[in-house]
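Peer 1: Numbering (the UniProt record's numbering), first residue to last: 1 to 352.
We put the beta carbon where it would ideally sit given N, CA and C, even for glycine.
Nothing here was measured: the structure is a model prediction, and the numbers come from that model.
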């Protein structure tokens, strides 16, 4: 539910909503090549066209595409972006193979690392965790090739988040700490460290360790305050603003069962968030509903969850659908209550 920011408390019971990926089936009346070797591969064609043509404009175009993909991910979910992002990643790999100029090649490797991370994130949002790990691993390798320790830490933090979703909170904590150690090697931005401490807090919340979770939250807030006096942080961590810090703190506290402290933080985060941040708002509305349910406000919780349900119908994110199912499970002790019956009816309609 992190939007950047799955945590163990966000583990969905089963996949829903997302349609299975379809294999391409050629029409029966279309002539087929006599053998696979006779069919030109798209990658080969792209390599032929782009060979020797990498320029600074090429890098700028790839960077612009990455930024656009992240915006679309936030607005519409990551599952539908998988084909486009993977295609761009393969294209970047081909360009690396045909580029010899040092600075251009290094720039391509950095962009390819970000595309691999983005592909991993898209598969993570689709709840295809094994494939996501494969792309995260490729992102680590590419970042290592250019000695970008802070970006390596970023990828490790993504893997930590996925581990919470995948039911491995101990691994999540270990990965978050490894990310911090990796980042410290390079005099990291305080904002980077703030984000990494918050990822650690999520892991400890999943482990139901209040002391460790509160300690990590305090470090996240302290580093965030330090970041105000620094220069620009890396582009990939700038999403972690004050609103994100507030709402993530609320989510960690909610996972610990500290609903009274968590509710106003998550509510404030929702108030501040942009309307275009549909997936994040859906996650956060569900966590707000959870804190309300924990405090016995069933009617209010169902109303808030209905807002999340409306948002969920506009995003292609099996993670969001999983959170809706998880909240529905929490309503089962109240299954005969009118607000729950109404919510279930809306849920059936939304996921029909």
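For residue 65, which of 196, 142, 54 and 87 has the nearest alpha-carbon?
Peer 2: Ranking the options by Cα distance to residue 65, first place goes to 87.
Peer 1: Looking only at its chain, what residues have a beta carbon closer than 8 Å to the beta carbon of residue 111, apart from the 5 residues adjacent to it on each side?
Peer 2: Excluding sequence neighbours, residue 111 sits near 59, 62, 63, 66 and 92.
Peer 1: At what residues does the alpha helix (DSSP H) containing residue 240 begin and finish?
Peer 2: Residue 240 -> no alpha helix (DSSP H), and no H or E assigned at all.
Peer 1: When you compare each of 340, 341, 349 and 313 to residue 75 by their alpha carbons, which one comes out closest?
Peer 2: That would be 313, whose Cα lies nearest to the Cα of residue 75.
Peer 1: Classify residue 332: buried if its beta carbon has 16 or more other beta carbons within 10 angstroms, exposed otherwise.
Peer 2: Label assigned to residue 332: exposed.
Peer 1: Would you mind listing the alpha helix (DSSP H) stretches within the stretch 221-274 that are 4+ residues and don't spill past its ends, in chain order?
Peer 2: Taking only runs of at least 4 residues, the alpha helix (DSSP H) segments lying wholly in the stretch 221-274 are 242-255 and 259-272.
Peer 1: Between which two residues does the alpha helix (DSSP H) harbouring residue 317 extend?
Peer 2: From DSSP, residue 317 is part of no alpha helix (DSSP H); its letter is neither H nor E.
Peer 1: Sorted by chain position, which residues of the same chain lie with C-beta nearer than 6 Å to residue 261's C-beta, five sequence neighbours on each side aside?
Peer 2: So the list reads 253, once near-sequence residues are dropped.
Peer 1: Quick one: what does DSSP say residue 211 is sitting in, helix, strand or coil?
Peer 2: In this structure, residue 211 counts as helix in the three-state DSSP scheme.
Peer 1: Mark residue 218 as exposed unless 16 or more other C-beta atoms lie within 10 angstroms of its C-beta, in which case mark it buried.
Peer 2: With fewer than 16 Cβ atoms within 10 Å of its Cβ, residue 218 is classed as exposed.
Peer 1: Looking only at its chain, what residues have a beta carbon closer than 6 Å to the beta carbon of residue 54, apart from the 5 residues adjacent to it on each side?
Peer 2: Contacts found: 95, 99 and 104.
Peer 1: Measuring CA to CA, which of 208, 150, 145 and 84 is closest to residue 237?
Peer 2: Ranking 208, 150, 145 and 84 by Cα distance to residue 237 puts 150 first.
Peer 1: Hey, is the stretch 131-150 in contact with the stretch 170-178, meaning 3+ C-beta pairs nearer than 8 Å?
Peer 2: No, the stretch 131-150 is not in contact with the stretch 170-178.
Peer 1: Thinking just about the alpha-carbon of each residue, which of 190, 241, 243 and 266 is nearest to the one in residue 251?
Peer 2: Checked all of 190, 241, 243 and 266; the closest Cα to residue 251 is 266.
Peer 1: Does the stretch 210-224 touch the stretch 159-170, meaning 3 or more C-beta pairs lie closer than 8 Å?
Peer 2: Cβ pair count under 8 Å is below three, so no.
Peer 1: If we call anything under 8 Å between Cβ atoms a contact, is residue 224 one with residue 245?
Peer 2: Yes. Within cutoff.
Peer 1: Within 10 angstroms of its Cβ, does residue 341 collect 16 or more other Cβ (buried), or is it exposed?
Peer 2: Exposed is the call here.
Peer 1: Can you confirm whether the stretch 304-320 touches the stretch 112-129 when touching is taken to mean that 3 or more C-beta pairs between the two stretches lie within less than 8 Å?
Peer 2: At 8 Å Cβ cutoff, the stretches touch.
Peer 1: Is residue 82 helix, strand or coil by DSSP?
Peer 2: Residue 82: helix per DSSP, three-state reduction.
Peer 1: Give me the Cβ distance between residue 282 and residue 308, rounded to the nearest whole Å; I'm assuming they're in contact under 8 Å.
Peer 2: Right, their Cβ atoms sit about 5 Å apart.
Peer 1: Determine, using beta carbons only, whether residue 155 and residue 139 come nearer to each other than 8 Å.
Peer 2: Taking 8 Å as the Cβ cut-off, residue 155 and residue 139 qualify as a contacting pair.
Peer 1: Cβ atoms of residue 255 and residue 194: under 8 Å apart, would you say?
Peer 2: No.
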